[in-house]
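Below is one structure, written out as structure tokens; the observations come after it.
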Ligand code: 4NP
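So this is what it looks like as structure tokens:
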């Protein structure tokens, strides 16, 4: 079975994308379908290479019962080749991904995270970095419902609608 490779991308890779990665991993593990996926996250910037997630992200994940372990890394040209689906947290991240030399050959893989939001599709996952804890919970709720839809969509594509 060829695993679907899923990559979540934000700016710093310490707030939104590591939380998205953690939520995705937690959900597919709970559903017993984690073997179908390879999942990671990264940032378009080099600001937080090697850093753990922001303390507010760690607290938020803990509060919501989602295990989180990640070390910050920067998006590379190879990532764009390697991953099957690349989810940008906001339109600025999306534009930054498109600046990579490989990106124009892989436009079909690069999407906005909130393309999967059943409540407000297409808008940005807001950057919570300069705000308070409430902003982190808003991000959690957006990601939580969007990732449910993302997993359903990917599972349909992998199995043709048949749950393994
Ligand atoms: P993230 O949030 O892109 O969701 O990880 C940010 C983290 C750090 C910075 C900006 C946004 N920063 O400017 O250092």
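In the working numbering, the protein residues as written are 81 to 244. By construction, the Cβ of each residue, glycine as well, lies at the ideal position given by its N, Cα and C atoms. All figures in this text were calculated on a predicted structure; none of them were measured in a lab.
Nearest by alpha-carbon distance to residue i: which of the options is it?
i: residue 154; options: 233, 89, 109; result: 89
i: residue 229; options: 197, 216, 143, 145; result: 197
i: residue 157; options: 190, 211, 235, 102; result: 190
i: residue 216; options: 128, 117, 178, 139; result: 139
i: residue 245; options: 142, 87, 92; result: The requested residue 245 does not occur in the structure, where the chain is confined to residues 81 to 244.
i: residue 223; options: 99, 143, 145; result: 99
i: residue 239; options: 195, 116, 129; result: 116
With DSSP run on the structure shown, which of helix, strand or coil describes residue i?
i: residue 93; result: coil
i: residue 154; result: strand
i: residue 111; result: coil
i: residue 129; result: coil
Please report the residue range of the alpha helix (DSSP H) in which residue i lies.
i: residue 138; result: 135-143
Since residue i is in the beta strand (DSSP E), which residue starts that stretch and which ends it?
i: residue 175; result: Where residue 175 is concerned, there is no enclosing beta strand (DSSP E), although the alpha helix (DSSP H) it sits in stretches over 171-178.
i: residue 123; result: 117-123
i: residue 192; result: 190-192
i: residue 234; result: Where residue 234 is concerned, there is no enclosing beta strand (DSSP E), although the alpha helix (DSSP H) it sits in stretches over 213-239.
Should residue i be labelled buried (16 or more other beta-carbon atoms within 10 Å of its own) or exposed?
i: residue 77; result: Coverage of the chain is limited to positions 81 through 244, which leaves residue 77 absent and any answer about it impossible.
i: residue 181; result: exposed
i: residue 188; result: exposed
Below 8 angstroms, can you find three or more Cβ-Cβ pairs linking the region 161-181 to the region 106-116? By the Cβ criterion, the region 161-181 is not in contact with the region 106-116, since fewer than three pairs of Cβ atoms, one from each stretch, lie closer than 8 angstroms.
Pair every Cβ in the region 189-209 with every Cβ in the region 113-128, then say whether three or more of these pairs are closer than 8 angstroms. no
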